[in-house]
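Undergrad: Numbering (our numbering), first residue to last: 2 to 401. Glycine included, C-beta positions come from ideal geometry on N, C-alpha and C. This structure is a prediction, so every number in the text was calculated from the model and none was measured. Take this structure first; my questions come after.
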Ligand SMILES: [Zn+2]
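Now the structure itself:
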C-alpha cells in the first residue's frame with residue numbers, strides 16, 4: 002500500500018530521523034517552519050508516541066506542564082521512539098528471502114534467512130513464501146506476528162510503489178501481477194512493496210553512507226543490476242512508479258540476451274548470472290560466480306577477460322549516470338566478492354575517460370558491501386516510512 006505524504010509533518014519527522022536527537026529550534030531552522038508550527042507538530046508526534054523527549058543537561062526528566070514557566074528550562078532534545086513499532090523488512094533475492102525485524106528507529110531486533118528452492122515462481126507461491134519467512138522470523142525472535150506494524154518487501158524488477166503492481170520481476174513467472182494487493186490480503190498488517198535497489202537507496206539515506214546527502218545514486222550489483230535515485234532528498238520513482246532500470250539500458254546492439262527478454266542490456270554483462278554465463282562459454286566447469294572470481298584471482302586469462310568486459314560495461318553505465326545526474330555521490334552496493342572484483346582502478350579510469358569533462362573533480366564513487374540482511378534493512382526502512390506516513394495521515398485529520 003502507499004500513503005499520500007503530508008509534507009509539513011513529514012519534513013519535521015525526517016529532520017528528527019536524520020539529525021536527531023535534535024532541539025525544536027533546530028528543526029525550525031532545518032525546515033523553515035516557525036517555532037510555533039514545529040512545537041504543534043512535535044506535540045502531535047509525542048502524543049502519537051512516534052518521538053520522545055530527552056533532557057540535554059538536566060539529570061531529571063523534563064516535565065512540560067501547561068502554564069509552567071519556561072525560562073531557565075534545560076534545552077530538550079527530540080528523537081524517534083524506537084519502541085513505538087516493530088516492522089519486518091524483507092528482500093526477495095535470487096536464492097533466499099532475508100528478513101530483518103527492526104524497531105521504529107531502525108534498530109536491529111532480529112534477522113532470518115529462508116532459502117528458496119527456486120528463484121522464479123508463481124505470485125501466490127511467492128506471497129506465501131514471504132509470509133512464511135516473516136512468520137518464522139517472528140517465531141524465532143519471540144514476537145507475535147500480530148504485533149508487527151508493517152511489512153516492507155524489496156523485490157527486483159519494475160514495481161509500481163503506489164499500487165504494489167509488479168510489471169515484471171525476475172522472481173515471478175508471470176508479468177503484470179498485483180503482488181502488493183495479493184500480499185495485503187493475507188498479511189496481518191500493512192504491506193509496502195518496492196524495487197529492491199530503491200529500498201537500498203532509502204537505507205543508505207537513512208542509515209548508511211548517504212546520511213545528510215540529498216542528491217545521490219546507488220548502483221546495486223548482485224544477480225542483476227539496479228539503480229536507486231535520490232534527488233533533493235527524495236527517492237525518484239518515475240511517472241509510472243517503476244523507478245530506474247539501469248540494468249536494462251542498452252550497451253550493445255543485438256548483444257547478450259538479458260533475463261528481461263531483450264538483448265544487449267547492461268546487466269547481461271555485469272550481473273552475476275551474466276558473468277557466470279560468459280565464463281561458462283569459455284569453461285563449462287564453472288557452477289557459480291564465486292568460482293569465476295577465484296579463477297580470475299588465480300590468473301586465469303579467460304576469467305579475467307570476462308571480468309574486464311563486465312568492468313567496461315559497468316563503467317559505461319556509471320559514466321552515463323554521471324553525465325546525466327551530476328550527483329554528489331554514487332554508491333556501488335553489492336556483496337563483498339562481487340564489488341571487490343568489479344570496483345578497481347581500471348573501472349575508475351574507464352569512468353573518468355567517458356565522463357563529460359568539466360573543470361571540477363568527479364563525485365566520489367564509493368563501494369558498499371551489502372550482505373543479504375542489509376538489503377532487508379532497506380525494506381525495513383520502507384516499512385518504517387510507511388508506518389510513519391499512516392500515523393501522519395491520521396494526525397492530518399486535524400490541521401496544524
Ligand atoms: Zn534487460
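1. How about residue 79 and residue 21: do their beta carbons lie closer than 8 Å?
2. Note the first and the last residue of the continuous beta strand (DSSP E) segment covering residue 334.
3. Which residues bound the beta strand (DSSP E) around residue 263?
4. Considering only the beta carbon of each residue, do residue 393 and residue 368 sit closer than 8 Å?
5. Skipping 5 residues on each side, what residues in its chain have a beta carbon closer than 8 Å to that of residue 82?
6. Please classify residue 149 as buried or exposed, where buried requires at least 16 other C-beta atoms within 10 Å of its C-beta.
7. Is the closest heavy atom of ligand 1 to the C-beta of residue 157 under 7 Å?
8. Should residue 359 be labelled buried (16 or more other beta-carbon atoms within 10 Å of its own) or exposed?
9. Could you round the C-beta distance between residue 383 and residue 9 to whole angstroms and report it? I think they count as a contact, below 8 Å.
10. Please tell me whether residue 290 and residue 226 are closer than 8 Å, where the distance is taken between their beta carbons.
11. According to DSSP, residue 322 sits in a beta bridge with which residue or residues?
12. Among 295, 130, 258, which residue has its Cα nearest to the Cα of residue 278?
13. Using the rule of at least 16 other Cβ atoms within 10 Å of the residue's Cβ for burial, across every protein chain shown, is residue 357 buried or exposed?
14. Figure out for me which residue from 324, 267, 145 has the closest Cα to the Cα of residue 312.
15. Pop quiz: residue 334 and residue 220 are said to be a contact at Cβ under 8 Å. What is the actual Cβ separation, rounded to whole angstroms?
16. Under 7 Å from any heavy atom of ligand 1, does the C-beta of residue 292 make it?
17. Put residue 357 into one of helix, strand or coil per three-state DSSP.
18. Under 7 Å Cβ to Cβ from residue 348, same chain only, skipping five residues before and after it: list those, please.
TA: Taking the definition as stated:
1. Looking up residue 79 in the chain shown gives position 78. Looking up residue 21 in the chain shown gives position 20. Result yes, Cβ atoms of residue 79 and residue 21 sit closer than 8 Å.
2. If you number the chain shown from 1, residue 334 lands on position 333. Looking at the DSSP string, the run of the beta strand (DSSP E) that includes residue 334 is 330 to 335.
3. Taking the first residue of the chain shown as position 1, residue 263 is located at position 262. Neither: residue 263 is in no beta strand (DSSP E) and is coded neither H nor E.
4. Indexing the chain shown from 1 puts residue 393 at position 392. Indexing the chain shown from 1 puts residue 368 at position 367. Against a cut-off of 8 Å, the Cβ pair of residue 368 and residue 393 comes out as no contact.
5. For this step, residue 82 is matched to residue 81 along the chain shown. Once the five neighbours on either side are set aside, the close Cβ partners of residue 82 are 50, 51, 52, 53, 105, 106.
6. Position 148 of the chain shown, counted from the first residue, corresponds to residue 149. With 16 or more Cβ atoms within 10 Å of its Cβ, residue 149 is classed as buried.
7. On the chain shown, position 156 is the one that residue 157 refers to. The answer is no for residue 157.
8. Sequence index remark: in the chain shown, residue 359 carries index 358 (1-based). Exposed is the call here.
9. Position 382 of the chain shown, counted from the start, is the residue given in the question as residue 383. Position 8 of the chain shown, counted from the start, is the residue given in the question as residue 9. No, residue 383 and residue 9 are not in contact; Cβ-Cβ is about 22 Å, not under 8 Å.
10. If you number the chain shown from 1, residue 290 lands on position 289. If you number the chain shown from 1, residue 226 lands on position 225. No, they are not a contact pair.
11. Against the chain shown, residue 322 aligns to sequence position 321. Beta-bridge pairing links residue 322 to no other residue.
12. Residue 278 sits at position 277 when you count from the first residue of the chain shown. Ranked by how close their Cα comes to the Cα of residue 278, the residues 295, 130, 258 have 258 in first place.
13. Against the chain shown, residue 357 aligns to sequence position 356. The residue is exposed, with fewer than 16 neighbouring Cβ atoms inside 10 Å.
14. Counting from one through the chain shown, the residue named residue 312 turns up at place 311. Taking only the C-alpha atoms, the option nearest residue 312 is 267.
15. The residue given as residue 334 occupies position 333 in the chain shown. The residue given as residue 220 occupies position 219 in the chain shown. Residue 334 to residue 220, Cβ: 7 Å. Contact.
16. Within the chain shown, the letter at position 291 stands for residue 292. Every heavy atom of ligand 1 is 7 Å or more from the Cβ of residue 292, so no.
17. Here residue 357 refers to the residue found at position 356 when the chain shown is read from its first residue. Secondary structure at residue 357: coil, using DSSP grouped into helix, strand and coil.
18. Numbered from 1 along the chain shown, position 347 holds the residue referred to as residue 348. So the qualifying residues of the chain are 312, 315, 316.
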